[in-house]
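Sequences listed follow chains U and V, in order.
This note's numbering puts the first sequence at residues 104 to 275.
This note's numbering puts the second sequence at residues 104 to 275.
Note that CB positions come from ideal geometry on N, CA and C, so glycine has one too.
Protein chains: 2
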Amino acid sequence: MIQTNHAHLNLMIELDRFDLQLLAELQANGRASNAQLAERIHLSASQVSRRIQRLEQEGLIERYVALLRAEALGLGVTAFVSVSLERHGEQQTGTFDEQVGTMDEVLECFAVSGDADYLLRVLTPSLPALSDFLLHQLMRLPGVRNVKSNIVLSGVKHTTQLPLKHLHHGRR
Amino acid sequence: MIQTNHAHLNLMIELDRFDLQLLAELQANGRASNAQLAERIHLSASQVSRRIQRLEQEGLIERYVALLRAEALGLGVTAFVSVSLERHGEQQTGTFDEQVGTMDEVLECFAVSGDADYLLRVLTPSLPALSDFLLHQLMRLPGVRNVKSNIVLSGVKHTTQLPLKHLHHGRR
DNA sequence: CATAAAATGCACATATCGTGCATGATTCAG
DNA sequence: CTGAATCATGCACGATATGTGCATTTTATG
Chain U
104 MIQTNHAHLN LMIELDRFDL QLLAELQANG RASNAQLAER IHLSASQVSR RIQRLEQEGL
164 IERYVALLRA EALGLGVTAF VSVSLERHGE QQTGTFDEQV GTMDEVLECF AVSGDADYLL
224 RVLTPSLPAL SDFLLHQLMR LPGVRNVKSN IVLSGVKHTT QLPLKHLHHG RR
Chain V
104 MIQTNHAHLN LMIELDRFDL QLLAELQANG RASNAQLAER IHLSASQVSR RIQRLEQEGL
164 IERYVALLRA EALGLGVTAF VSVSLERHGE QQTGTFDEQV GTMDEVLECF AVSGDADYLL
224 RVLTPSLPAL SDFLLHQLMR LPGVRNVKSN IVLSGVKHTT QLPLKHLHHG RR
């Protein structure tokens, strides 16, 4: 089996082109059967099964999830929210992290370089609901100094599929 | 069957508490078997199967995907990129949308209110790779006037699970 | 080159899925 | 309220999917 050496990329396991194909296929359809996958990548279903097991065990495949359609669930408002904290040190940061982690409305929260300390993506049924969330939940978190939100006007692209092409550099 | 009326939320189908439980379970584990789900929500496996079919057909469940671990794939750099376009009208917007949609590095792209026109989340193996992407791909798109990026220092929360609690307001 | 290790597909027992059907529950009309 | 119609449900079962032992093939190593 010809495998691609990704040592410079800090990869923990070796991936060949079949593995990469499986990853790509499963990112697109997490419920593809082993038979379907086998047909697409030209291995047997049992080999597909074993390889997927390995990809899961090694942690490359983290989990399988159902993606729901926000609009169909009445979740019509997305906002990006920049948050700046008071300058009090790590205690506050830890608390903010934990609390934000429990809020269903917050889908993403990243600590970022730049003006703000955090950037959040928030999803609510309506603008009043967004306002309510910001005023009564987010702004009330300890240490929050400033909150600035930008409403999403429309979505151009939103995928869970990670880029894999940097892993294709070896021989094929 | 007691269903919750969500007419004010513009829902296309009625959802009862079993449906909501299924949605929650499948958001967390997209490969849960019908038997597992049946046990958790106290319906038969065949009823689970039929309900999931309905949720899929009605579009609430959009798809199932495998979520990969970015770090395990050597994708160590995430950035939020604000993009402003020249003021030329819709032609440029359409082109930008299409082109961005084809770039694997771009996981999310939203048109937003505020200073910038778009906010993108970009994933690359390294800072040089990010720089390369910004300079040689993104900035070269027609109509791009300004690009500003904020590097993600750390991730606090990143989930694909949409909030469902606004749907729980009816009788249980 | 020979040997050891790893990968592979076949076969098959077990698990899972999807659907017909009978039954029970709910809704609707008089 | 009653009876009929409609809808939801679980059981049973045929079809499909999964995972693993095993023999064979392929690859790596000294």
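If you draw a straight line from the C-alpha of residue i to the C-alpha of residue j, how long is it?
| i | j | result |
| --- | --- | --- |
| V/G258 | U/K268 | 23 angstroms |
| U/L125 | V/L140 | 26 angstroms |
| U/L146 | U/V184 | 46 angstroms |
| V/L265 | U/V203 | 15 angstroms |
| U/E159 | U/E174 | 31 angstroms |
| V/A127 | V/K260 | 18 angstroms |
| V/V151 | U/F121 | 34 angstroms |
| U/R275 | U/I144 | Only weak support is given to the placement of U/R275: the predicted model assigns it a pLDDT of 36, under 50, and the value that follows is read from those uncertain coordinates. Between U/R275 and U/I144, the C-alpha separation is close to 14 angstroms. |
| U/T263 | U/R190 | 34 angstroms |
| U/G133 | V/Y167 | 5 angstroms |
| U/L226 | U/A131 | 23 angstroms |
| V/V180 | U/V215 | 12 angstroms |
| U/E161 | U/I116 | 7 angstroms |
| V/G273 | U/R154 | Because the pLDDT at V/G273 is just 48, under 50, the model does not fix this residue reliably, and the point stays unresolved. |
| U/M242 | U/L170 | 29 angstroms |
| V/L270 | V/F199 | 36 angstroms |
| V/R248 | V/A135 | 47 angstroms |
| V/D246 | V/F213 | Per the sequence presented here, residue 246 of chain V reads as Gly, with Asp not at that position. Looking at the two C-alpha atoms, the distance is approximately 17 angstroms. |
| U/H239 | U/L163 | 38 angstroms |
| V/D207 | V/R224 | 11 angstroms |
| U/T196 | U/Y221 | 10 angstroms |
| U/L123 | V/R157 | 33 angstroms |
Which residues of chain U have a Cβ atom closer than 7 angstroms to the Cβ of residue i, listed in chain order?
| i | result |
| --- | --- |
| V/G217 | N253 |
| V/H271 | Those do not exist, as V/H271 stays about 11 angstroms from chain U at its closest Cβ, beyond 7 angstroms. |
| V/L233 | Within chain U, no residue comes near V/L233; the closest Cβ sits about 12 angstroms away, beyond 7 angstroms. |
Residues of chain U with CB closer than 8 angstroms to the CB of residue i, please, in chain order.
| i | result |
| --- | --- |
| V/S257 | F213, A214 |
So which residues of chain V does residue i contact, with C-beta pairs closer than 9 angstroms?
| i | result |
| --- | --- |
| U/T198 | Those do not exist, as U/T198 stays about 12 angstroms from chain V at its closest Cβ, beyond 9 angstroms. |
| U/A226 | According to the sequence provided, residue 226 of chain U is Leu. The question's Ala does not apply to it. Residues of chain V passing the Cβ test: L265, P266. |
| U/L188 | What U/L188 touches in chain V: nothing, since even the nearest Cβ is about 12 angstroms away. |
| U/L230 | Those do not exist, as U/L230 stays about 11 angstroms from chain V at its closest Cβ, beyond 9 angstroms. |
Please look up how many angstroms separate the CB atoms of residue i and residue j, rounded, as I've assumed it's under 8 angstroms.
| i | j | result |
| --- | --- | --- |
| U/A182 | U/L233 | 6 angstroms |
| U/P228 | U/G177 | 5 angstroms |
| V/G217 | U/N137 | Actually they are not in contact, since the Cβ atoms of V/G217 and U/N137 sit about 47 angstroms apart, beyond 8 angstroms. |
| V/V250 | V/L237 | 6 angstroms |
| U/E165 | V/R172 | 5 angstroms |
| V/A148 | V/V186 | Their Cβ separation, rounded to whole angstroms, is 48 angstroms, which puts V/A148 and V/V186 out of contact at 8 angstroms. |
Which chain V residues are close to residue i, counting only those with a beta carbon under 7 angstroms from its beta carbon?
| i | result |
| --- | --- |
| U/D207 | P266, K268 |
| U/L278 | Missing from the structure shown is residue 278 of chain U; chain U here goes from 104 to 275 and no further. |
| U/H261 | E211 |
Chain U partners of residue i, CB-CB under 9 angstroms?
| i | result |
| --- | --- |
| V/V151 | Result: empty, since nearest Cβ-Cβ is about 13 angstroms, beyond 9 angstroms. |
How would you list, in chain order, the residues of chain V whose beta-carbon sits under 8 angstroms from the beta-carbon of residue i?
| i | result |
| --- | --- |
| U/V203 | V259, K260 |
| U/L237 | Within chain V, no residue comes near U/L237; the closest Cβ sits about 14 angstroms away, beyond 8 angstroms. |
Which ranges does the beta strand (DSSP E) cover as unbroken runs of at least 3 residues, wholly within the region 156 to 241 of chain U, from first to last along the chain?
As far as the region 156 to 241 of chain U is concerned, its whole beta strand (DSSP E) runs of at least 3 residues are 164 to 171, 180 to 188, 209 to 215, 221 to 227.
Selection of the region 165 to 176 of chain U by Cβ proximity to chain V, strictly under 9 angstroms:
Cβ contacts with chain V: E165, R166, Y167, V168, A169, L170, L171, R172, A173, E174, A175, L176.
Residues in the region 120 to 133 of chain U having any Cβ partner in chain V nearer than 8 angstroms
Listed in sequence order: L126, L129, Q130, A131, N132, G133.
Using a Cβ-Cβ cut-off of less than 7 angstroms, give me the residues of the region 242 to 253 of chain V that come near chain U, in sequence order.
If the cut-off is 7 angstroms between Cβ atoms, the region 242 to 253 of chain V has N253 near chain U.
What residues in the region 134 to 145 of chain V have a beta carbon less than 8 angstroms from any beta carbon of chain U?
R134
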